[in-house]
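Asker:
Protein chains: 2
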Amino acid sequence: MTAVPPARISHPETGEVADPRVEALVNEVIGRVADKWTMLILEVLAEHGETRFTRVGELVGGISQKMLTQTLRQMERDGLVVRTVHPVIPPKVEYRLTDLGFTLAEAFCGVWTWAETNIDRIEAARAAFDGRKR
Amino acid sequence: MTAVPPARISHPETGEVADPRVEALVNEVIGRVADKWTMLILEVLAEHGETRFTRVGELVGGISQKMLTQTLRQMERDGLVVRTVHPVIPPKVEYRLTDLGFTLAEAFCGVWTWAETNIDRIEAARAAFDGRKR
DNA sequence: GTGCCTACTTTCCAATGGAGAGTGACCGTC
DNA sequence: GACGGTCACTCTCCATTGGAAAGTAGGCAC
Chain A
1 MTAVPPARIS HPETGEVADP RVEALVNEVI GRVADKWTML ILEVLAEHGE TRFTRVGELV
61 GGISQKMLTQ TLRQMERDGL VVRTVHPVIP PKVEYRLTDL GFTLAEAFCG VWTWAETNID
121 RIEAARAAFD GRKR
Chain B
1 MTAVPPARIS HPETGEVADP RVEALVNEVI GRVADKWTML ILEVLAEHGE TRFTRVGELV
61 GGISQKMLTQ TLRQMERDGL VVRTVHPVIP PKVEYRLTDL GFTLAEAFCG VWTWAETNID
121 RIEAARAAFD GRKR
């Protein structure tokens, strides 16, 4: 988190950044992590702290139970969340971000604020595009 | 890009951030933009500047033509890229980021460096998880 | 007993994504 | 003048993914 490597953008024609092995791995990680539900869950866990299964689903909104379980499991496997099972009846399972998860949430924070500040521009662009083409 | 709103994370129990209408719109935008191919294309266009159709495909790697056209069209509609058709034979179409696209690329830059710096931690977490469960 | 609670799991079906072939428009070669 | 090549798609077929809804487990209240 300290010692951020030099920017990876804004230098066209300057050659690749690193060896292709790392490149491929990074792409694989991006593929896993840059998914709608992962981002949304990351956000609610960052905002609400330790949260129960169904509550996460409510806060995310519009997610099916299948995808909720699946995404949470994936995130647990990648070390982004910790799953705590309280052996009570009825069952109680809580999820919270690990340090790693938190750093990722911070990284995504920029995208979030970008989305907030640029919604109008996107909608304008869409309207212009749709108006032009049809 | 100026006047970044206060951080949206790290304050559990502090109540929601804004009105739910904006919340929903932001989620919709995130859903569109936080997609594997969009991120990857954004990255190559940020790094390589104006680029031709097939070249983008090569640089992204592993993307089908269908998804390439589809994602580029979507990005064009959202005002992230500009599509320039040179009326020559054989056809030549170039794509480049708009200012808006560039700001998004910058926002994603944090995720990129996060992925680079944390690959080892993710792999370790996965190994631990898989070892525990099987 | 019958329900109810929660966190899943399973089943079924519709939508998405990938592989690969086809298309159009023209040019250069034979 | 038929033939192949180039490039940016577009179309078709099929496997995988994702959503909706029902089922499961296991004990507790009635």
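Listed in order, the protein sequences are those of chains A and B.
Using the UniProt record's numbering, you'd call the opening residue of the first sequence number 1 and step up by one each time.
Using the UniProt record's numbering, you'd call the opening residue of the second sequence number 1 and step up by one each time.
A virtual CB, placed ideally from N, CA and C, is assigned to each residue, including glycine.
1) Check whether the Cβ atoms of A/Val26 and B/Ile119 sit closer than 8 Å, and answer yes or no.
2) Would a check of beta-carbon distances place B/Ser10 closer than 8 Å to chain A?
3) With 8 Å as the threshold, decide whether the Cβ of A/Val111 is near any Cβ in chain B.
4) Which term fits B/Val85, buried or exposed, when burial requires 16 or more other beta carbons within 10 angstroms of its beta carbon?
5) With respect to the beta strand (DSSP E) encompassing A/Val44, which residues constitute its N-terminal and C-terminal limits?
6) Kindly give me the distance between the Cβ atoms of B/Ala34 and A/Met39, rounded to whole angstroms, as I take these residues to be in contact under 8 Å.
7) Which one or two residues does DSSP pair with B/Arg52 in a beta bridge?
8) If you run the structure through DSSP and keep just helix, strand and coil, what is B/Val88?
9) Contact between the stretch 97-110 of chain A and the stretch 36-51 of chain A is defined here as three or more beta-carbon pairs at a separation below 8 Å; is this criterion met?
10) So which residues on chain A does B/Lys36 lean against when the C-beta distance must stay under 8 Å?
11) Using a Cβ-Cβ cut-off of 8 Å, state whether B/Ile41 counts as contacting chain A.
12) Using a Cβ-Cβ cutoff of less than 8 Å, which residues in the same chain neighbour A/Leu42 once the five nearest sequence positions on both sides are dropped?
13) With 8 Å as the threshold, decide whether the Cβ of A/Arg121 is near any Cβ in chain B.
14) Can you tell me where the alpha helix (DSSP H) with A/Leu80 in it begins and where it stops?
15) Comparing the C-beta of B/Phe53 with each C-beta of chain A, is any distance below 8 Å?
16) Could you pull out every residue in the same chain whose Cβ sits closer than 7 Å to the Cβ of B/Arg52, ignoring the five residues on either side in sequence?
17) Can you grab the Cα-Cα spacing for the pair A/Ala24 / B/Glu116, in whole Å?
18) Using a Cβ cut-off of 9 Å, pull out every chain A residue sitting near B/Gly131, in sequence order please.
19) With H, G and I counted as helix, E and B as strand and the rest as coil, what does DSSP make of B/Gly57?
20) Relative to the C-alpha of A/Asp78, which residue among B/Met67, B/Glu123 and B/Leu68 is closest?
21) Name the chain A residues that come within less than 9 Å of B/Val26, Cβ to Cβ?
22) Just verifying my parser: in three-state terms, what is the DSSP assignment at A/Gly131?
23) For the putative contact between A/Val56 and A/Leu68, defined by C-beta atoms under 8 Å, what is the C-beta separation to the nearest angstrom?
24) Under 7 Å between beta-carbons, which chain B residues line up against A/Leu104? List them in chain order, please.
25) So, does the CB of B/Ala21 fall closer than 8 Å to a CB anywhere in chain A?
26) Given B/Arg121, which residues of its chain have a CB within under 7 Å of its CB, disregarding the five upstream and five downstream residues?
Answerer: Working from what's here:
1) Cβ atoms of A/Val26 and B/Ile119: closer than 8 Å.
2) With a pLDDT of 41 at B/Ser10, under the threshold of 50, the modelled position of that residue is not reliable, and no figure is offered here.
3) Yes, A/Val111 counts as interfacial toward chain B.
4) The residue is exposed, with fewer than 16 neighbouring Cβ atoms inside 10 Å.
5) According to the DSSP assignment, A/Val44 belongs to no beta strand (DSSP E) but to the alpha helix (DSSP H) extending over Lys36 to His48.
6) The C-beta distance from B/Ala34 to A/Met39 rounds to 5 Å, short enough to fall under 8 Å.
7) Under DSSP, B/Arg52 shares a beta bridge with B/Glu94.
8) Coil, per DSSP.
9) Yes, since at least three Cβ pairs between the stretch 97-110 of chain A and the stretch 36-51 of chain A fall closer than 8 Å, the two stretches touch.
10) Per Cβ cutoff of 8 Å: Ile30, Gly31, Ala34 and Asp35.
11) No - not a single Cβ of chain A is within 8 Å of the one on B/Ile41.
12) Here the set comprises Met75, Leu80, Leu97, Gly101, Leu104, Ala105 and Phe108.
13) Yes, A/Arg121 counts as interfacial toward chain B.
14) Here A/Leu80 belongs to no alpha helix (DSSP H), and DSSP marks it neither H nor E.
15) Not an interface residue.
16) The answer, listed in chain order, is Lys92, Val93 and Glu94.
17) As the crow flies, the alpha-carbon of A/Ala24 is around 11 Å from that of B/Glu116.
18) What B/Gly131 touches in chain A: nothing, since even the nearest Cβ is about 11 Å away.
19) Under the three-state reduction of DSSP output, B/Gly57 falls in the helix class.
20) Of the listed residues, the one whose Cα sits closest to A/Asp78 is B/Glu123.
21) Those within 9 Å of B/Val26 in chain A are Trp112, Ala115, Glu116 and Ile119.
22) DSSP places A/Gly131 in helix when its eight states are reduced to three.
23) That belief holds up - the Cβ atoms of A/Val56 and A/Leu68 are roughly 7 Å apart, short of 8 Å.
24) Chain B residues near A/Leu104: Trp114.
25) The sequence given here places Arg at residue 21 of chain B; Ala does not occur at that position. No, B/Arg21 lies away from the interface with chain A (no Cβ there is under 8 Å from its Cβ).
26) Cβ within range, chain order: n/a, list empty.
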